[in-house]
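A quick write-up on the structure given underneath.
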């Protein structure tokens, strides 16, 4: 029927109003509707409905609703569909109904209802409307589905996307980068059920040479560039460069300007430097000092360096061209890539012409192809010089009382050799008494020597320039006295008895000597070490700052004052007992690069005694200069707070560092740490300094795992008060677990007591920071040590390391090794890592260990006190008395120890 809508526009409707008849079942079906990829469609229905109360006489048969159905189908034209095949969507009721109709105008108010239907199994569907007794007019039916529209977000294009089947579903859509762009992170968004884009993720960058404008990537204009896609936009070309086309990724350098491979595109183009200026040379015999001023023009760069090639050398008397110099010429600090404007050239030939060229280079020198224009040269002539040392000495004839020696001419005679000087002495005399011989030839006969004695020989040469240095020591031994000649008529039985007696005496003497040497261990070498120290007057000796009446005099003598404005404190990293706190920060001294430092400060309200104790540690550290001793950078004393500035150790104290990295290092790495500590302690002992508080907590570790001895605040002078035996000057308890027995009982602190403490540090390192003696109290520790108890080997500890610990813990301090001997031992272990493979769990600790190559390595620090665990037969062979093997075996002498029971009879 044709009626008028709300806007008075005629429309076509489907109407039904069979309200007087009961059991109505009227159907209206649409044509086939294609799905077109939609998964959920929406049905908008506009209709009018008559109020049943306005119709007289229809009680019980009139309805005010109708039903909506759908049926999915692949058939475009289905002539008949059973009612049971339809699926009900909903029962639709009107929001408003009318009661009467103006028949002339036929204007009715419309109801609008929308329902959604999930259609996912067929190509299309049918809709159906069922009337069960209502007075209704169906005005319009609109069927539609929703999509998320085409959009561009974060330089990625997202296409038209149909929404999901469920009202709560999100369809993930991957975007594609717009033209001239590349992915920053995979661009994604989600299409919501209402057709809105949600949750943008990732996006794209405009490619190099392009920048974002209005959601698209536009090329950089001439004179601009963009090097990386991540850059915010196009930049103006840096100085001395240009771009002539749109879309430039880098600006080309102007003529005469260059860019190094490592220079970023944002850096200005630069030039190579000009030649160095004012090159001067100073000749000192066979050494030359070269100095010059930097180039006048550095080319706009700060990476200027210098190379020192040698053009060559030629003899003064020769007219030939220069020849290339040999590789034995030494440059200090180096020959290439140096930043200094001074170099010392040594090991040159005497009385020889040399030409040196100094090149100035920077990062663009190679790119520019500049060569001679950046260099300056100088020619010098070396002076006469003493000859180099003799490299080797040979003994060509040895008797009881004489030696015939010969040697080769020095590698660099530096002139005509006028004579040689031979110095020699008995090895046991250690140069306290020596003799000198001179000869014009390269050989000499030395007479008047003692039999069976080791002599040490040094040889040096003399030219017109004077004597050269003595050669390294060479040792040779004279022969022993032979047996007396035996004349005719001597009884053969007596002869056999005499020879046997002499052999037995030699055997007993050798056995007693070797075994006694094994037991004496370190005592002799300890004494020798002390003698060597007293015979070396050039060794720097530590000065106790407490001997100064004025502590400021000591601090200014041994430490450098630092301007507080050059210190930048960053954070607190610890406390220093009663003194104050420790901070980390940066130190920038004029003319030097900025470095990280540790800063100890003295808290306010300190007493004079606290100030003296605080500054004494800096006065002590300032005297030391060694790679394994914490380095003092300086002090601040002219303003408050007082500060001590030291190098910064990134990994903190050794004990905490090891506990943090338990089991993460190889044995060689642990031995390397111990070697560094021993090297630092040897340096301190050579300076006659006793540390007194050597422990892993007082060893600091830097980022390269270099260990450095620190904490020099413990008192070095004990009071007469007996109670002071356990207390330091700053009233801090002596660390019983790390201290030698004589230091605890008699307050006898020496380098030997530091060696005891080093043994405890070894145990801490190998056990990864375990507490020595575990939970024993101090009194129990003292008692256990007095009774002979020593710490057992930590888990997986090599036998050689535990044996070295036990050597450090000898009761008699004279029996302990020196730090020099410890250092030599650790160097041997590092060079022969196979010796570290055997642990205490493999076999009992003995004197000898088998290495990975099958050879034997001595556990003791002193090689001469180590004796292999040979059989009696092997030992007899080694001393040339193997003919007594059967006789001794028959008498029951089967071990070296059993030979001690032999008598002269």
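Residue numbers (the working numbering): 256 to 1160. Glycine is no exception: its CB is placed at the ideal position from the N, C-alpha and C atoms.
Exercise for the section: Within its chain, find whatever has a CB closer than 7 Å to the CB of residue 851; leave out the 5 residues flanking it on each side and keep chain order. Expected result: Locating residue 851 in the chain shown gives position 596, where the first residue counts as 1. The residues are 839, 841 and 903.
Practice task
Report yes if the C-beta distance between residue 718 and residue 670 is below 7 Å; otherwise report no.
Solution key: Start at 1 with the first residue of the chain shown, and residue 718 comes out as number 463. Start at 1 with the first residue of the chain shown, and residue 670 comes out as number 415. In contact: residue 718 and residue 670 (Cβ atoms closer than 7 Å).
Handout entry: Residue(s) in a DSSP beta bridge with residue 593
Key = By 1-based counting over the chain shown, the position of residue 593 is 338. In DSSP, residue 593 forms a bridge with 561.
Problem - residue 1113 classed as buried or exposed, judged by whether at least 16 other C-beta atoms fall within 10 angstroms - result: What you label residue 1113 is simply residue 858 of the chain shown in a count that begins at 1. Confidence at residue 1113 is low in this model, with a pLDDT of 40, below 50, so its placement is unreliable and the value that follows should be read with caution. Result: buried.
Exercise for the section: Identify the continuous beta strand (DSSP E) that holds residue 547 and give its terminal residues. Expected result: Counted from its first residue, the chain shown places residue 547 at position 292. Per DSSP, residue 547 belongs to the beta strand (DSSP E) from 542-548.
Problem - Inter-stretch contact at 8 Å, needing at least 3 Cβ pairs: the segment 327-336 / the segment 404-423 - result: no
Problem - Three-state secondary structure assigned by DSSP to residue 287 - result: Translated into positions along the chain shown, residue 287 becomes position 32. Note: residue 287 maps to coil in three-state DSSP.
Practice task
Given a cut-off of 7 Å, decide if residue 377 and residue 344 are closer than it, judged by their beta-carbon atoms.
Solution key: Against the chain shown, residue 344 aligns to sequence position 89. Against the chain shown, residue 377 aligns to sequence position 122. Taking 7 Å as the Cβ cut-off, residue 344 and residue 377 do not qualify as a contacting pair.
Practice task
Decide if the segment 610-626 is in contact with the segment 546-566; the criterion is three or more beta carbon pairs, one per stretch, under 8 Å apart.
Solution key: yes
Problem - Contact under 7 Å by Cβ, residue 702 with residue 733 - result: By one-based count along the chain shown, residue 702 stands at place 447. By one-based count along the chain shown, residue 733 stands at place 478. In this structure, residue 733 does not lie closer than 7 Å to residue 702 by Cβ.
Practice task
Count the other C-beta atoms from every protein chain shown that fall within 10 angstroms of the C-beta of residue 494, then say buried if there are 16 or more, exposed otherwise.
Solution key: Within the chain shown, numbered from 1, the residue matching residue 494 stands at position 239. With fewer than 16 Cβ atoms within 10 Å of its Cβ, residue 494 is classed as exposed.
Handout entry: Unbroken alpha helix (DSSP H) run spanning residue 869, endpoints
Key = Counted from its first residue, the chain shown places residue 869 at position 614. Element bounds for residue 869: 863-876.
Handout entry: residue 1099 classed as buried or exposed, judged by whether at least 16 other C-beta atoms fall within 10 angstroms
Key = Stepping through the chain shown from its first residue, residue 1099 is reached at position 844. Only weak support is given to the placement of residue 1099: the predicted model assigns it a pLDDT of 39, under 50, and the question is left unresolved by the model.
Exercise for the section: Identify, in the order they occur along the chain, each residue of the same chain with its Cβ nearer than 7 Å to the Cβ of residue 1061, setting aside the five sequence neighbours on each side. Expected result: Sequence index remark: in the chain shown, residue 1061 carries index 806 (1-based). The residues are 1045.
Handout entry: First and last residue of the uninterrupted beta strand (DSSP E) at residue 1075
Key = Locating residue 1075 in the chain shown gives position 820, where the first residue counts as 1. Segment 1074-1086 is the alpha helix (DSSP H) holding residue 1075; no beta strand (DSSP E) there.
Handout entry: residue 225 burial status per 10 Å Cβ neighbour count (16 or more: buried)
Key = An answer regarding residue 225 cannot be provided, because it is not within the stretch 256 to 1160 covered by the chain.
Practice task
State the start and end residues of the unbroken beta strand (DSSP E) segment that holds residue 1014.
Solution key: Position 759 of the chain shown, counted from the first residue, corresponds to residue 1014. Residue range 1006-1021 is occupied by the alpha helix (DSSP H) that includes residue 1014, with no beta strand (DSSP E) assigned at that position.
Handout entry: Extent of the continuous alpha helix (DSSP H) run through residue 811
Key = The count along the chain shown starts at 1 and reaches residue 811 at position 556. Where residue 811 is concerned, the enclosing alpha helix (DSSP H) stretches over 806-813.
Handout entry: Proximal residues to residue 967 (C-beta, below 8 Å), its chain only, five neighbours per side dropped
Key = Taking the chain shown and counting its residues from 1, the one referred to as residue 967 is at position 712. Only 872, 875, 876 and 946 meet the Cβ criterion.
Handout entry: Beta-carbon gap between residue 475 and residue 461 smaller than 7 Å
Key = The residue labelled residue 475 in the question sits at position 220 within the chain shown. The residue labelled residue 461 in the question sits at position 206 within the chain shown. No.
Exercise for the section: Below 6 Å CB to CB, which residues in the same chain sit around residue 576 once its five sequence neighbours on both sides are set aside? Expected result: Here residue 576 refers to the residue found at position 321 of the chain shown. Legend: pLDDT at residue 576 = 47, less than 50; position of this residue unreliable, value from coordinates given subsequently. Here the set comprises nothing.
Exercise for the section: Under 8 Å by Cβ, that's how I've got residue 1085 and residue 1013 pegged, so tell me the actual separation to the nearest angstrom. Expected result: The residue you call residue 1085 lines up with position 830 of the chain shown. The residue you call residue 1013 lines up with position 758 of the chain shown. About 17 Å separates the two Cβ atoms, so there is no contact after all.
Exercise for the section: Say whether the segment 928-942 touches the segment 1037-1044, bearing in mind that this needs 3 or more beta-carbon pairs closer than 8 Å, one atom from each stretch. Expected result: no
Problem - Three-state class that DSSP yields for residue 1054 in the structure shown - result: In the chain shown, residue 1054 corresponds to position 799, counting from 1. Here residue 1054 sits in helix by DSSP.
Exercise for the section: Reducing DSSP to helix, strand and coil, say where residue 1037 ends up. Expected result: Numbered from its first residue, the chain shown carries residue 1037 at position 782. Residue state, collapsed to three classes: helix.
Practice task
Would you grab the beta carbon distance between residue 887 and residue 869 for me? Rounded to a whole angstrom, and I think it's under 8 Å.
Solution key: Position 632 of the chain shown, counted from the first residue, corresponds to residue 887. Position 614 of the chain shown, counted from the first residue, corresponds to residue 869. 13 Å between Cβ atoms; not a contact.
Problem - Supposed contact pair residue 561 and residue 613 - C-beta distance, whole angstroms, cut 8 Å - result: Counting from one through the chain shown, the residue named residue 613 turns up at place 358. Counting from one through the chain shown, the residue named residue 561 turns up at place 306. Going by Cβ atoms, the distance from residue 613 to residue 561 rounds to 6 Å, so yes, they are a contact pair.
Practice task
For residue 303, write down the residues that DSSP places opposite it in a beta bridge.
Solution key: Translated into positions along the chain shown, residue 303 becomes position 48. Answer by DSSP bridge pairing, in chain order: 392.
Exercise for the section: Let me know if residue 905 comes out buried or exposed under the rule of 16 or more other beta-carbons within 10 Å of its beta-carbon. Expected result: On the chain shown, position 650 is the one that residue 905 refers to. The Cβ neighbour count for residue 905, taken over all protein chains shown within 10 Å, is under 16; the residue is labelled exposed.
Practice task
Can you check DSSP and say which residues form a bridge with residue 730?
Solution key: Along the chain shown, one-based indexing puts residue 730 at 475. According to DSSP, residue 730 bridges with 711.
Problem - Selected residue, minimal CA-CA separation from residue 593, among 412, 558 and 915 - result: In the chain shown, residue 593 corresponds to position 338, counting from 1. With distances taken between Cα atoms, residue 593 lies closest to 558.
Practice task
Mind checking which residues open and close the alpha helix (DSSP H) that includes residue 932?
Solution key: For the purposes of this step, residue 932 is taken as residue 677 along the chain shown, with counting starting at 1. Residue 932 -> alpha helix (DSSP H) spans 922-941.
Handout entry: Unbroken beta strand (DSSP E) run spanning residue 319, endpoints
Key = Looking up residue 319 in the chain shown gives position 64. Taken as a continuous stretch (DSSP letters only), residue 319 belongs to no beta strand (DSSP E), as it is neither H nor E.
Practice task
Compute the Euclidean distance between the alpha carbons of residue 883 and residue 961, then round it to the nearest angstrom.
Solution key: To locate residue 883, count along the chain shown from 1; it is residue 628. To locate residue 961, count along the chain shown from 1; it is residue 706. Going from the Cα of residue 883 to the Cα of residue 961 covers about 7 Å.
Exercise for the section: Kindly indicate which residue of 893, 1037 and 954 has the alpha-carbon position closest to the one of residue 989. Expected result: Here residue 989 is taken as the residue at index 734 of the chain shown, counted from 1. That would be 1037, whose Cα lies nearest to the Cα of residue 989.
Problem - residue 902: first and last residue of the uninterrupted alpha helix (DSSP H) it sits in - result: Stepping through the chain shown from its first residue, residue 902 is reached at position 647. Careful: residue 902 lies outside any alpha helix (DSSP H), inside the beta strand (DSSP E) at 898-902.
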